[in-house]
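Asks:
2 protein chains.
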Amino acid sequence: MTIHYPNGQGPQRPAQSRPQPAVNFADRGMSLEAEINASNAYYLATNQAVIHKKPTPIQLVKVDYPKRSAAVVREAYFRRPSTTDYNGIYHGYYIDFDAKETKNVTSFPLKNFHQHQIDHLAACLKQGGICFALIKFTRLTAYYLLPASHLITAWQKQAQGGKHSIPLATLKQVGIPVQLGLHPRLQYLSAVDQLIARQKGVNHE
Amino acid sequence: MTIHYPNGQGPQRPAQSRPQPAVNFADRGMSLEAEINASNAYYLATNQAVIHKKPTPIQLVKVDYPKRSAAVVREAYFRRPSTTDYNGIYHGYYIDFDAKETKNVTSFPLKNFHQHQIDHLAACLKQGGICFALIKFTRLTAYYLLPASHLITAWQKQAQGGKHSIPLATLKQVGIPVQLGLHPRLQYLSAVDQLIARQKGVNHE
Numbered sequence: 001m002t003i004h005y006p007n008g009q010g011p012q013r014p015a016q017s018r019p020q021p022a023v024n025f026a027d028r029g030m031s032l033e034a035e036i037n038a039s040n041a042y043y044l045a046t047n048q049a050v051i052h053k054k055p056t057p058i059q060l061v062k063v064d065y066p067k068r069s070a071a072v073v074r075e076a077y078f079r080r081p082s083t084t085d086y087n088g089i090y091h092g093y094y095i096d097f098d099a100k101e102t103k104n105v106t107s108f109p110l111k112n113f114h115q116h117q118i119d120h121l122a123a124c125l126k127q128g129g130i131c132f133a134l135i136k137f138t139r140l141t142a143y144y145l146l147p148a149s150h151l152i153t154a155w156q157k158q159a160q161g162g163k164h165s166i167p168l169a170t171l172k173q174v175g176i177p178v179q180l181g182l183h184p185r186l187q188y189l190s191a192v193d194q195l196i197a198r199q200k201g202v203n204h205e
Numbered sequence: 001m002t003i004h005y006p007n008g009q010g011p012q013r014p015a016q017s018r019p020q021p022a023v024n025f026a027d028r029g030m031s032l033e034a035e036i037n038a039s040n041a042y043y044l045a046t047n048q049a050v051i052h053k054k055p056t057p058i059q060l061v062k063v064d065y066p067k068r069s070a071a072v073v074r075e076a077y078f079r080r081p082s083t084t085d086y087n088g089i090y091h092g093y094y095i096d097f098d099a100k101e102t103k104n105v106t107s108f109p110l111k112n113f114h115q116h117q118i119d120h121l122a123a124c125l126k127q128g129g130i131c132f133a134l135i136k137f138t139r140l141t142a143y144y145l146l147p148a149s150h151l152i153t154a155w156q157k158q159a160q161g162g163k164h165s166i167p168l169a170t171l172k173q174v175g176i177p178v179q180l181g182l183h184p185r186l187q188y189l190s191a192v193d194q195l196i197a198r199q200k201g202v203n204h205e
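Chains as they are written, first to last, in the UniProt record's numbering: chain X, 1 to 205; chain U, 1 to 205.
This is the structure we're talking about:
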């Protein structure tokens with residue numbers, strides 16, 4: 001039997017027992033960069049890793065030095081970075097990656113990368129680094145860690161007339177899904193653990 | 001017998017056989033930053049290491065986006081970096097350091113560092129990184145790699161009323177001298193090799 005309450009609402013439960021949505025929708029609209037920065041701040045505060053975003057390089061043209069106050073940049077231009085955006089250290093491993101978002105829902109376009117980023121990832125990989133791209137499909141709210149080795153291969157194939165994008169199906173095969181949680185929301189170090197295990201030749205499948 | 005030539009100058013030798021100075025004085029006045037950048041470019045080109053200087057972080061206030069041309073920063077301020085200036089990878093090791101110059105000739109003043117840099121080095125050290133300060137005594141043209149562990153100890157002692165500087169004699173004991181050469185001029189990876197050996201507990205003295 002349904003009881004009809006005067007105000008048309010059901011009975012209010014005490015605050016503690018109110019059902020919580022299983023997923024946190026609060027930061028659905030966060031940019032991938034903001035999400036990664038939040039994860040990095042959490043990992044740093046909990047002594048799990050030291051990973052930072054590099055500042056955007058700027059070409060200074062005119063700087064004023066007013067008396068008794070801070071220098072003011074009056075004319076400057078953004079430069080293209082010569083490396084990836086993020087690097088740092090985790091459990092003794094050198095971590096290096098770039099983060100990319102796409103609105104596509106079936107594939108990730110390679111035009112999001114530049115030659116110098118691919119070269120940088122290849123150079124770091126050669127030195128034994130843990131290198132990857134962190135890809136977000138914004139419309140699917142899906143995240144994949146794509147190992148740099150696969151990215152470099154796809155890039156080289158493209159140069160030889162191959163595909164201009166990596167199909168989502170391929171990403172599901174060769175990439176590592178990044179799970180969402182609460183602290184931090186974007187738990188990408190768990191995916192990094194799997195990549196480290198792979199690079200060591202350990203089969204964690 | 002001295003021959004007096006009409007124009008008062010001695011005989012000109014052919015260009016090839018002119019005596020060359022044994023040491024290249026051309027870049028004596030180079031800043032430490034320029035020297036390190038040159039070394040890093042050489043190490044990168046020869047596949048020895050991938051180490052870059054991080055761009056200076058800038059707080060953007062006003063950016064113009066003129067039609068059909070690049071965005072122009074019209075007002076911005078320099079921010080204090082939250083990390084050290086240099087990091088990268090070398091033989092699988094995460095490398096992290098800051099570079100400091102002093103005009104002193106008997107000691108290195110700790111005021112050249114900031115708390116956040118010390119904290120960052122300590123956090124990277126805890127993760128297993130190879131962390132240090134690269135110190136140049138400009139008037140002595142002497143360079144030392146100071147392991148972060150020693151820097152952190154000196155910093156903590158200073159906070160407890162200890163010395164405000166590290167004597168050069170101490171640097172000679174606990175630091176590793178960085179040799180000058182031709183390619184690159186500042187051969188700091190050789191000093192890093194010694195630091196790695198120390199951290200592994202291998203005695204290379």
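Ideal Cβ positions, reconstructed from N, Cα and C, are used throughout, including at glycine.
Just so it is clear, the structure is predicted and the values come from calculations on it, not from any experiment.
Over the uninterrupted alpha helix (DSSP H) stretch that includes Y86(U), give me the two end residues.
Replies: Residue 86(U) sits at position 86 when you count from the first residue of the second sequence. Here Y86(U) belongs to no alpha helix (DSSP H); instead the beta strand (DSSP E) covers Y86 to Y90.
Asks: Excluding five sequence neighbours on each side, which residues of the same chain lie with their C-beta closer than 8 Å to the C-beta of T102(U)?
Replies: As a working note, residue 102(U) is residue 102 in the second sequence. Excluding positions up to five away in sequence, the list reads F108, P109, N112, I135, K136, F137 and T138.
Asks: Determine whether the beta carbon atoms of residue 240(U) and I36(U) lie at a separation below 9 Å.
Replies: Nothing about residue 240(U) can be read from this structure; chain U reaches only from 1 to 205.
Asks: Report yes or no: is there a C-beta of chain X within less than 9 Å of the C-beta of R90(U)?
Replies: Reading the second sequence from its first residue, position 90 is the one you call residue 90(U). For clarity, residue 90(U) is Tyr in the given sequence; the question names Arg instead. Yes - at least one Cβ of chain X is within 9 Å of the one on Y90(U).
Asks: Using the beta-carbon of each residue, which ones in chain U are nearer than 8 Å to E35(X)?
Replies: As a working mapping, residue 35(X) is identified with position 35 in the first sequence. Chain U residues near E35(X): none, gap ~19 Å exceeds 8 Å.
Asks: Based on Cα-Cα distance, which residue from S31(U), L32(U), Y42(U) and E33(U) lies nearest to L182(U)?
Replies: Counting from one through the second sequence, the residue named residue 182(U) turns up at place 182. With distances taken between Cα atoms, L182(U) lies closest to Y42(U).
Asks: Can you confirm whether S107(X), when its beta carbon is compared against all beta carbons of chain U, has any partner nearer than 9 Å?
Replies: Taking the first residue of the first sequence as position 1, residue 107(X) is located at position 107. By this cut-off, S107(X) is not an interface position.
Asks: Is the beta carbon of L121(X) closer than 9 Å to that of C131(X)?
Replies: In the first sequence, the residue the question calls residue 131(X) occupies position 131. In the first sequence, the residue the question calls residue 121(X) occupies position 121. Yes, the pair counts as a contact, with Cβ atoms nearer than the cut-off.
Asks: Does P66(U) pass the burial test, meaning 16 or more other C-beta atoms within 10 Å, or should it be called exposed?
Replies: Within the second sequence, residue 66(U) is the residue found at index 66, counting from 1. Exposed.
Asks: Taking DSSP's pairing of strands, which residues face C131(U) in a bridge?
Replies: Here the question's residue 131(U) lines up with position 131 in the second sequence. DSSP lists D96(U) as partners of C131(U).
Asks: Can you list the alpha helix (DSSP H) stretches of 4 or more residues lying completely in the stretch 136 to 199 of chain X, in chain order?
Replies: 148 to 159, 168 to 174 and 188 to 199
Asks: If the cut is a Cβ gap below 7 Å, which residues of chain X does N40(U) touch?
Replies: The residue labelled residue 40(U) in the question sits at position 40 within the second sequence. Within chain X, no residue comes near N40(U); the closest Cβ sits about 11 Å away, beyond 7 Å.
Asks: Measuring only between beta-carbons, confirm whether H120(U) sits less than 9 Å from chain X.
Replies: To locate residue 120(U), count along the second sequence from 1; it is residue 120. Judged by the 9 Å Cβ criterion, H120(U) is in contact with chain X.
Asks: What first and last residue would you give for the alpha helix (DSSP H) that runs through K126(X)?
Replies: Working through the first sequence from its first residue, we reach residue 126(X) at position 126. Counting along the chain, the alpha helix (DSSP H) containing K126(X) begins and ends at Q115 to K126.
Asks: Hey, could you find the ends of the alpha helix (DSSP H) A45(U) is sitting in?
Replies: Locating residue 45(U) in the second sequence gives position 45, where the first residue counts as 1. Counting along the chain, the alpha helix (DSSP H) containing A45(U) begins and ends at L32 to A45.
Asks: Does S31(X) have its Cβ less than 9 Å from a Cβ in chain U?
Replies: Translated into positions along the first sequence, residue 31(X) becomes position 31. It does not: the Cβ of S31(X) has no partner Cβ on chain U nearer than 9 Å.
Asks: Could you round the C-beta distance between V61(X) and C124(U) to whole angstroms and report it? I think they count as a contact, below 8 Å.
Replies: The residue labelled residue 61(X) in the question sits at position 61 within the first sequence. The residue labelled residue 124(U) in the question sits at position 124 within the second sequence. Not a contact, Cβ separation roughly 34 Å.
Asks: Going by DSSP, what residues sit across from T102(X) in a beta bridge?
Replies: On the first sequence, residue 102(X) is found 102 positions in, with the first residue counted as 1. F137(X).
Asks: Between S165(U) and E33(U), what straight-line distance do the alpha-carbon atoms span, to the nearest angstrom?
Replies: The residue given as residue 165(U) occupies position 165 in the second sequence. The residue given as residue 33(U) occupies position 33 in the second sequence. Their backbone Cα atoms lie some 22 Å apart in a straight line.
Asks: Could you run through the stretch 43 to 69 of chain U and flag, in chain order, every residue whose CB is less than 8 Å away from some CB of chain B?
Replies: Of the protein chains in the structure, X and U, none is chain B.
Asks: Hey, out of A45(U), K100(U), R74(U) and V105(U), whose CA is closest to S31(U)'s CA?
Replies: Within the second sequence, residue 31(U) is the residue found at index 31, counting from 1. Cα-wise, what sits closest to S31(U) is K100(U).
Asks: Within 10 angstroms of its Cβ, does H116(X) collect 16 or more other Cβ (buried), or is it exposed?
Replies: For the purposes of this step, residue 116(X) is taken as the residue at position 116 of the first sequence. Exposed: under 16 other Cβ atoms inside 10 Å.
Asks: Report the neighbours of residue 211(X) on chain U: residues whose CB is nearer than 9 Å to its CB, in chain order.
Replies: Any answer about residue 211(X) is impossible in this case: the structure gives chain X only from 1 up to 205.
Asks: What do you get for V105(X), buried or exposed, if any count of 16 or more other CB atoms within 10 angstroms of its CB means buried?
Replies: Counting from 1 along the first sequence, the entry for residue 105(X) is found at position 105. V105(X) comes out exposed.
Asks: Have a look at the DSSP bridge pairing and note the partners of L60(X).
Replies: For this step, residue 60(X) is matched to residue 60 along the first sequence. L60(X) is bridged to A76(X).
Asks: Between which two residues does the beta strand (DSSP E) carrying K111(U) extend?
Replies: Here residue 111(U) is taken as the residue at index 111 of the second sequence, counted from 1. Where K111(U) is concerned, there is no enclosing beta strand (DSSP E), given that its DSSP letter is neither H nor E.
Asks: Around the Cβ of Q160(U), are there at least 16 other Cβ atoms within 10 angstroms (buried) or fewer (exposed)?
Replies: Numbered from 1 along the second sequence, position 160 holds the residue referred to as residue 160(U). Exposed: under 16 other Cβ atoms inside 10 Å.
Asks: Would you grab the beta carbon distance between R79(X) and D64(X) for me? Rounded to a whole angstrom, and I think it's under 8 Å.
Replies: Counting from one through the first sequence, the residue named residue 79(X) turns up at place 79. Counting from one through the first sequence, the residue named residue 64(X) turns up at place 64. The pair is not a contact, with the Cβ atoms about 21 Å apart (cut-off 8 Å).
Asks: List, in order along the chain, the chain U residues whose C-beta lies closer than 9 Å to that of G161(X)?
Replies: For the purposes of this step, residue 161(X) is taken as the residue at position 161 of the first sequence. In chain order: nothing, as chain U lies at least about 28 Å away.
Asks: Across which residues does DSSP place K53(U) in a beta bridge pair?
Replies: Residue numbering aside, residue 53(U) sits at position 53 when the second sequence is read from its first letter. DSSP output for K53(U) lists Y86(U) as bridge partner(s).
Asks: Closer than 9 Å, CB to CB, is E75(U) near chain X or not?
Replies: One-based indexing of the second sequence puts residue 75(U) at position 75. Cβ-Cβ to chain X under 9 Å: yes for E75(U).
Asks: Kindly list the residues whose CB is nearer than 7 Å to the CB of G88(U), restricted to its own chain and excluding five residues on each side of it in sequence; keep chain order.
Replies: Along the second sequence, read from residue 1 onward, the residue named residue 88(U) stands at position 88. Excluding sequence neighbours, G88(U) sits near A49, V50, I51, H52 and I95.
Asks: Going along the stretch 138 to 156 of chain U in order, which residues come within less than 7 Å of chain X, judged by CB to CB distance?
Replies: none
Asks: Is the Cβ of Y94(X) closer than 9 Å to any Cβ of chain U?
Replies: As a first step, residue 94(X) is located in the first sequence; it is residue number 94 there, counting from the start. Y94(X) counts as touching chain U.
Asks: Under 8 Å by Cβ, that's how I've got P184(X) and T56(U) pegged, so tell me the actual separation to the nearest angstrom.
Replies: By one-based count along the first sequence, residue 184(X) stands at place 184. By one-based count along the second sequence, residue 56(U) stands at place 56. Not really, about 28 Å apart at Cβ, beyond 8 Å.
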